[in-house]
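Asker: What follows is a structure written as structure tokens; I'll ask about it next.
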Amino acid sequence: MTEARFTYNPGAIEPKWQAYWAEHKTFKAIDCDYSRQKLYVLDMFPYPSGAGLHVGHPEGYTASDIWCRYKRMRGYNVLHTMGWDAFGLPAEQYAIKTGTHPAVTTAKNIATFKRQLEAFGFSFDWDREINTTDPKYYKWTQWIFSKLYEQGLAYESEEPVNWCPDLGTVLANEEVINGRSEVGNFPVIRKPIRQWVLRITKYAEKLLDGIDGLNWPEGTKEMQRNWIGKSTGAEVDFTVAGTDTKITVYTTRPDTLFGATYMVLAPEHPLVEKITAPECREAVEKYVAETRTKSDLARTEDNKDKTGVFIGAYAINPVNGTKIPIWISDYVLISYGTGAIMAVPAHDTRDFEFATKFNIPIICILKPTEEACKAEGVALEDVLAGRACWTGDGVLFQSGNDEVQLDGLCVADAKKTIIDWMHKKGIGTPTVNFKLRDWLFSRQRYWGEPFPLVHMEDGTVQLVPESELPVVLPEMEDYKPTKDGEPPLARAKEWLKYTDPVTGKKGLRETNTMPQWAGSCWYYLRYIDPHNDKAAWDPEKEKYWMPVDLYVGGAEHAVLHLLYSRFWHHVLYDLGLVSTPEPWKRLVHQGMILGISYKDQRGVLVPNDQVEARGEEYFSKETGEKLTMLPAKMSKSLKNVVNPDDIIKRYGADSFRLYEMFMGPLAEVKPWNTEGVEGVNRFLNRLWRSLVDVNTGNLSADVTDDPLSEEMERLLHQTIKKVGEDVESLSYNTAISQLMIFLNEMYRQPKRNRKAMETFVLLISPMAPHIAEELWQKLGHAETLAYEPWPTYDESKLKAQNVEILVQVLGKPKARIQVPVDLDKDALCKVALENADVQAAIAGKTIVKSIAVPGRLVNFVVK
RNA sequence: GCCGGAAUGGCGGAAUGGCAGACGCACUAGACUCAAAAUCUGGCGCCCGUGAGGGCGUGUGGGUUCAAGUCCCACUUCCGGUACCA
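First residue of the first sequence? That's 1 in our numbering, and the numbers climb one at a time after it.
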């Protein structure tokens, strides 16, 4: 027996083809090739962490790669690239610990990521690789910042940060656990410090309007809308009783003004100090002080139990002259609206909770219908008596004065009426508010883009001129903040000094750096023209490639990255620097891939290295307790992370790619199961054996030009159709099923038709490109198949002459009959009635109705 | 709480309102083999039945329809996001 020496060996053929593609620049995107339709397919670029790639990364990258390869075969000029979002905290923390420069760590991590990604055979145009930490790249990040600054969209402000006095440093939210520092477990407080802020709120309306035209998941669009949070209402002026001080409140429910029973100011509201009564001063000051030291987290933890203090002053309700007490409470935020509200406990749940706790009157002025109450599960009498809160629609009562009457109106009409009246009287104005807040854009870190800004000795701030960009990060010995809490760059004494080349004025450079978002806000524009050192991008190339036709990335970026980046793009559009108002036409999220994990009786997850398998059951090594298996997020601590390198080594990249696409719908959350990789690996082995003589390595003698049987030809055309349609809609899982069905049938045939197998190789090539190229070569082709035309099908060959029809009587299957495929409804019923089993089933009954669905079934309704 | 998504065999999943469970995994029987692996052929929702066959079945309860996993109403559970936005 001779050993088969030419079995499917991905370890040999995959590097071979990767080298071929690299050498021939097979996937080079051609700028401004107007002879072909362009297609820009973008992946969210990774942060190159020290841990390397995990199985979640290649899911989205494979999905977009298949799309690109497919579209190239359809004749498109495809731009598909990769790069590194490489600024960030871990490299800096590593530098503080070890003294290794973040750039060194970053370069090492990028090398690992690149090696891992190349092993997948993604069809990136690697000549366009970018790195956000490269001064040649961040020169242009700084340049865009300059544009924003020139537009008045960047300003300095005192903004609160997580400040750890013991560490003498600012912490990111993820470095703060339960109000204490992750490192050292020291207390963390909120402290205002000077920061740069971007005026994204100026674009709130545009960002909101732009959402409608996007081909994005509806859920993601909805989340962006909610985040922007547009609300319409009115600002209303209340007078502080006995003074002429005015307090302006913002309300979306001016219709309920007659039900206001108290007012609340944010503890930080500037009027608090001015109007607090002397006898309340002590309690008020104590409450204000407590609020100030509370971190956001502490504030949210208490949010179920309302707190507050009466400040001893009263306000006059401008619609009815009622005197209502003024309180302060941290449920009113200084940053939203006017930092002051009128409270209508009968018709707002938060006000209701507060009023109930502090025994403030609750006055109902809105009567819902009985049905509405029933639907919500509350009693109408409770609503009317102020024992329950009603926030829905209803009919107003007890709401009017000598000049304006709301009684009998519904909420919408009452709003309109009262706003008109207040506007005329000069006590209120219709107002639009957004939840969206300006974007805190500076970090007190080293490893980020320096701002191109200088604080001059005369107190002014000026931009570094474009000719002096990039402002390069200085080399440093120590990456820690200074003793007095200044950012690390304050240590670079020489670097700080700046002299204006024209005026000779002196100043010091800005020591804050930009957040990681900055580089990722515009990277898709740099891919278009990555080596341009005269401009961020060439306008003609931008016009050719933009917008991005397909953007693939995780749903965790549904709000922040996607919104920040849209904001920059809108600004660039308004400046005439880009040609489209929105950057991404179509967006798809890949679902998370979960790992296998185990939980104990209490539901606590146990790390995989502490699990012992006994047959089909699992037990804890430590306690001996029985465990149950379940899918859970992959994490280092659970030791359930799957390393792609191991999978590629065992099965090859094609099997990996195929498996991740076969697992289920792209957008769903799916559990990883390595046994599933064996399944698709078997399929590829079968494909190999169906074409290759494993003893010689040559094309198998079973591959001939003998014509296909009619059934096989039909299946071939059905497969071309199904695979094409499924790939088009990114339904790769069902496309792969269809390929399996075809190959299973073909494999049973004694001879395999060469043309049909060539077609099959082309169909599978976007998903399993290495084996496809190798087989394509064995089939006698000298060139890559990457630009072969995508196979077409013949509509007339999709259907058989005869088709099986199910005949039901009263919905129960009674017979199956063979009929010509084009039989119409009447003929179908007639044929069905001739069947003996059908006749037996309807014997003695009358047919009331006959339903015939050509190609599928007939159903007789009898009595 | 609110917003978004989901629920189908032992598992991942498939199904323009038209025969639920395609395809794959696991399991299982057989072939090949001295044996094993690999490969090939078959079986495989659950219950009753030796069998032919029958009954039940897409989270739960209702409804629409000749026909519902799919449409409508009410709920349950799970996952993700978010945190008092007046």
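Just so you know, even glycine gets a beta-carbon here, dropped at the ideal spot from N, CA and C. All values reported here derive from a predicted model rather than from experimental measurement.
Within the same chain, show all residues whose beta-carbon is closer than 8 Å to that of G676, passing over the 5 residues directly before and after it, in chain order.
Answerer: Taking the first sequence and counting its residues from 1, the one referred to as residue 676 is at position 676. Answer for G676: Y659, F662, M663, listed in chain order.
Asker: Return yes when the Cβ of L666 is within less than 7 Å of the Cβ of Q590, no when it is not.
Answerer: For the purposes of this step, residue 590 is identified with residue 590 of the first sequence, where counting begins at 1. For the purposes of this step, residue 666 is identified with residue 666 of the first sequence, where counting begins at 1. It is a contact, given that the beta carbons lie within the stated cut-off.
Asker: What would DSSP say about E376, mapped onto helix, strand or coil?
Answerer: Numbered from its first residue, the first sequence carries residue 376 at position 376. Helix.
Asker: Leaving out the 5 sequence neighbours to the left and right, which residues in its chain are closer than 6 Å to H569 when beta-carbon positions are compared?
Answerer: Here residue 569 refers to the residue found at position 569 of the first sequence. Closer than 6 Å at Cβ, skipping near neighbours: P583.
Asker: DSSP on Y446, reduced to helix/strand/coil?
Answerer: On the first sequence, residue 446 is found 446 positions in, with the first residue counted as 1. Note: Y446 maps to coil in three-state DSSP.
Asker: Expressed to the nearest angstrom, what Euclidean distance is found between the alpha-carbon atoms of G553 and F441?
Answerer: Sequence index remark: in the first sequence, residue 553 carries index 553 (1-based). Sequence index remark: in the first sequence, residue 441 carries index 441 (1-based). Going from the Cα of G553 to the Cα of F441 covers about 23 Å.
Asker: By DSSP, does M740 sit in helix, in strand, or in coil?
Answerer: Translated into positions along the first sequence, residue 740 becomes position 740. M740 falls in the helix class under three-state DSSP.
Asker: Thinking C-alpha only, which one of D600, D420, S690 is nearest K626?
Answerer: Position 626 of the first sequence, counted from the first residue, corresponds to residue 626. K626 has its Cα closest to that of D600, out of D600, D420, S690.
Asker: In this structure, does DSSP put V461 in helix, strand or coil?
Answerer: As a working mapping, residue 461 is identified with position 461 in the first sequence. V461 falls in the strand class under three-state DSSP.
Asker: With a Cβ-Cβ cutoff of 7 Å, do C364 and A346 count as a contact?
Answerer: Within the first sequence, numbered from 1, the residue matching residue 364 stands at position 364. Within the first sequence, numbered from 1, the residue matching residue 346 stands at position 346. Yes.
Asker: Give the list of continuous alpha helix (DSSP H) stretches no shorter than 4 residues that lie fully inside the stretch 126 to 212.
Answerer: Qualifying alpha helix (DSSP H) stretches, in chain order: 135 to 150, 204 to 211.
Asker: Compute the distance between the beta-carbons of K38 and P254, then report whether it is under 7 Å.
Answerer: Along the first sequence, one-based indexing puts residue 38 at 38. Along the first sequence, one-based indexing puts residue 254 at 254. Going by C-beta atoms, K38 is not nearer than 7 Å to P254.
Asker: When you compare the CB positions of I341 and V432, do they come within less than 7 Å of one another, or not?
Answerer: Position 341 of the first sequence, counting from 1, holds the residue named residue 341. Position 432 of the first sequence, counting from 1, holds the residue named residue 432. For I341 and V432, no; Cβs fall outside 7 Å.
Asker: For the stretch 490 to 549, which segments carrying the alpha helix (DSSP H) assignment without a break, of at least 4 residues, lie completely within its bounds, in sequence order?
Answerer: List check, alpha helix (DSSP H) in window: 493 to 496, 517 to 520, 523 to 526, 539 to 545.
Asker: According to DSSP, is M1 part of a helix, a strand, or is it coil?
Answerer: Within the first sequence, residue 1 is the residue found at index 1, counting from 1. Confidence at M1 is low in this model, with a pLDDT of 39, below 50, so the placement of that residue should be treated as unreliable; the coordinate-derived value is given next. Coil at M1, not helix or strand.
Asker: Alpha carbon to alpha carbon, how far is G52 from L366? Give it in angstroms, no decimals.
Answerer: Position 366 of the first sequence, counted from the first residue, corresponds to residue 366. Position 52 of the first sequence, counted from the first residue, corresponds to residue 52. L366 and G52: Cα-Cα distance of roughly 60 Å.
Asker: CB-CB under 8 Å to E708, same chain, minus the five flanking residues each way: which ones, in chain order?
Answerer: Position 708 of the first sequence, counted from the first residue, corresponds to residue 708. This sequence places Leu at residue 708; Glu is not what is there. These residues qualify, in order along the chain: L716, N753, A756.
Asker: Within a Cβ cutoff of 7 Å, which residues of the same chain sit near C32, ignoring the five residues on either side of it in sequence?
Answerer: Residue 32 sits at position 32 when you count from the first residue of the first sequence. Taken in chain order, the residues that qualify are E540, K541, Y544.
Asker: Please identify the residue among V236, L587, L833 whose C-alpha is closest to the C-alpha of I316.
Answerer: Position 316 of the first sequence, counting from 1, holds the residue named residue 316. When only C-alpha atoms are compared, the closest one is V236.
Asker: Does the contact criterion of 3 or more C-beta pairs under 8 Å hold for the stretch 191 to 210 versus the stretch 279 to 289?
Answerer: Result no; under three Cβ-Cβ pairs closer than 8 Å.
Asker: What residues match up with Q818 in a beta bridge as DSSP calls it?
Answerer: For the purposes of this step, residue 818 is taken as the residue at position 818 of the first sequence. Answer is E804.
Asker: Could you check whether the stretch 222 to 232 touches the stretch 555 to 563, counting it as contact only if at least three pairs of C-beta atoms, one from each stretch, sit closer than 8 Å?
Answerer: Output reads yes: the stretch 555 to 563 touches the stretch 222 to 232.
Asker: In terms of residues, what are the limits of the alpha helix (DSSP H) holding A840?
Answerer: The count along the first sequence starts at 1 and reaches residue 840 at position 840. Where A840 is concerned, the enclosing alpha helix (DSSP H) stretches over 836 to 842.
Asker: Should F186 be labelled buried (16 or more other beta-carbon atoms within 10 Å of its own) or exposed?
Answerer: Walking along the first sequence from the start, residue 186 turns up at place 186. With fewer than 16 other Cβ atoms within 10 Å, it is exposed.
Asker: Go through the stretch 574 to 631 residue by residue and report every complete run of the beta strand (DSSP E) that reaches 3 residues or more, in order.
Answerer: Correct list: 593 to 599, 611 to 614, 617 to 620.
Asker: Applying the 10 Å Cβ sphere with the 16-neighbour rule, what's the burial state of N698?
Answerer: As a working mapping, residue 698 is identified with position 698 in the first sequence. Under this definition N698 is an exposed residue.
Asker: Can you tell me the Cβ-Cβ gap for Y551 and I130, rounded? I've got them flagged as a contact below 8 Å.
Answerer: As a working mapping, residue 551 is identified with position 551 in the first sequence. As a working mapping, residue 130 is identified with position 130 in the first sequence. Not a contact, Cβ separation roughly 16 Å.
Asker: Is Y598 closer than 7 Å to I96 when the C-beta atoms are compared?
Answerer: Locating residue 96 in the first sequence gives position 96, where the first residue counts as 1. Locating residue 598 in the first sequence gives position 598, where the first residue counts as 1. In this structure, Y598 does not lie closer than 7 Å to I96 by Cβ.
Asker: By DSSP's criteria, R682 is part of a beta bridge. Which residues make up the other side?
Answerer: Here residue 682 corresponds to residue number 682 of the first sequence, with the count starting at 1. In DSSP, R682 forms no bridge with anything.
Asker: Is the distance from the Cβ of V803 to the Cβ of A815 below 7 Å?
Answerer: Residue 803 sits at position 803 when you count from the first residue of the first sequence. Residue 815 sits at position 815 when you count from the first residue of the first sequence. The answer is no: Cβ separation not under 7 Å.
Asker: Should M1 go down as buried or exposed, given a rule of 16 or more other Cβ atoms within 10 Å for buried?
Answerer: In the first sequence, counting from the first residue as 1, residue 1 sits at position 1. Only weak support exists for where M1 lies, its pLDDT of 39 falling under 50; the coordinates are left without a value.
Asker: I'd like to check one pair, S123 with D65: are the Cβ atoms closer than 7 Å?
Answerer: In the first sequence, residue 65 corresponds to position 65, counting from 1. In the first sequence, residue 123 corresponds to position 123, counting from 1. Taking 7 Å as the Cβ cut-off, D65 and S123 qualify as a contacting pair.
Asker: For A388, name the three-state secondary structure that DSSP assigns.
Answerer: In the first sequence, residue 388 corresponds to position 388, counting from 1. Residue state, collapsed to three classes: coil.
Asker: From the DSSP output, read off the bridge partner residues of I247.
Answerer: Looking up residue 247 in the first sequence gives position 247. BP columns for I247 point to F238.
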